[in-house]
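To convert, note that position 54 of the sequence shown is 54 in full-length UniProt numbering; the numbers rise steadily by one, no gaps.
For glycine and all other residues, C-beta sits at the position ideal for the given N, C-alpha and C.
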Amino acid sequence: MRSFDLSPLYRATVGFDRVADLMDRVLTSEVAQPTYPPYNIEKTDENAYRISVAVAGFTAAELSVEVKENALHISARKADEDEGRVYLHRGIATRAFERRFHLADHVRVTGATHADGMLHIDLVREMPEALKPRRIEIASAPQIEARQVN
Numbered sequence: 001m002r003s004f005d006l007s008p009l010y011r012a013t014v015g016f017d018r019v020a021d022l023m024d025r026v027l028t029s030e031v032a033q034p035t036y037p038p039y040n041i042e043k044t045d046e047n048a049y050r051i052s053v054a055v056a057g058f059t060a061a062e063l064s065v066e067v068k069e070n071a072l073h074i075s076a077r078k079a080d081e082d083e084g085r086v087y088l089h090r091g092i093a094t095r096a097f098e099r100r101f102h103l104a105d106h107v108r109v110t111g112a113t114h115a116d117g118m119l120h121i122d123l124v125r126e127m128p129e130a131l132k133p134r135r136i137e138i139a140s141a142p143q144i145e146a147r148q149v150n
């Protein structure tokens, strides 16, 4: 595994330590990423996103969506309903899962819907007024009258 030293960046930047933490997390994460359940991330507007997770076989009561410390946690746990059933073939995966998505600053979850075996989570990026660009008026300098010195 390669190791990158990001300390030279700290000399010329302020407040970018989260970027370094994110890069460190990405570079040190496991090579084998979980593929269950499958999901899509789409951009629905300039500042709006939607995460769609395929959760066939789960009811809304068996799903959990939480936001903790800029991370979206989606999990599901199936109740044991298999007592007395004998499967000849079991191809529908209803195993428990937990999926995490790290959210950028100022991204807020606005809602979640469950329909047709899909869990849709809507997100919006809301920039605070203090961070939005603002135009500064340039005032004219007051005219200074020249005085004669005697």
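Residues of the same chain with their beta carbon placed closer than 6 Å to that of residue 88 are lacking, with the five preceding and five following residues left out of the count.
Taking the C-beta atoms as reference points, residue 85 is found no nearer than 8 Å to residue 107. Taking every protein chain shown into account, the CB of residue 49 has 16 or more other CB atoms within 10 angstroms, so this residue is buried. For residue 99, the enclosing beta strand (DSSP E) begins and ends at 97-102. Beta-carbon to beta-carbon, residue 103 and residue 72 are separated by about 6 Å, close enough to satisfy the 8 Å threshold. Ranking 41, 139, 135 and 94 by CA distance to the CA of residue 55 puts 94 first. Within 10 angstroms of the beta-carbon of residue 131 lie fewer than 16 other beta-carbons, which makes it exposed. At least 8 Å separates the beta-carbon of residue 114 from that of residue 52. In terms of Cα proximity to residue 100, the closest of 39, 23 and 24 is 39.
DSSP places residue 120 in the uninterrupted beta strand (DSSP E) bounded by 118-125. Here the alpha carbons of residue 23 and residue 42 stand approximately 22 Å from one another.
Around the beta carbon of residue 76, a 10 Å sphere encloses 16 or more other beta carbons of the protein chains shown; the residue is thus reported as buried. Take the alpha-carbon of residue 116 and the one of residue 57: they are about 10 Å apart.
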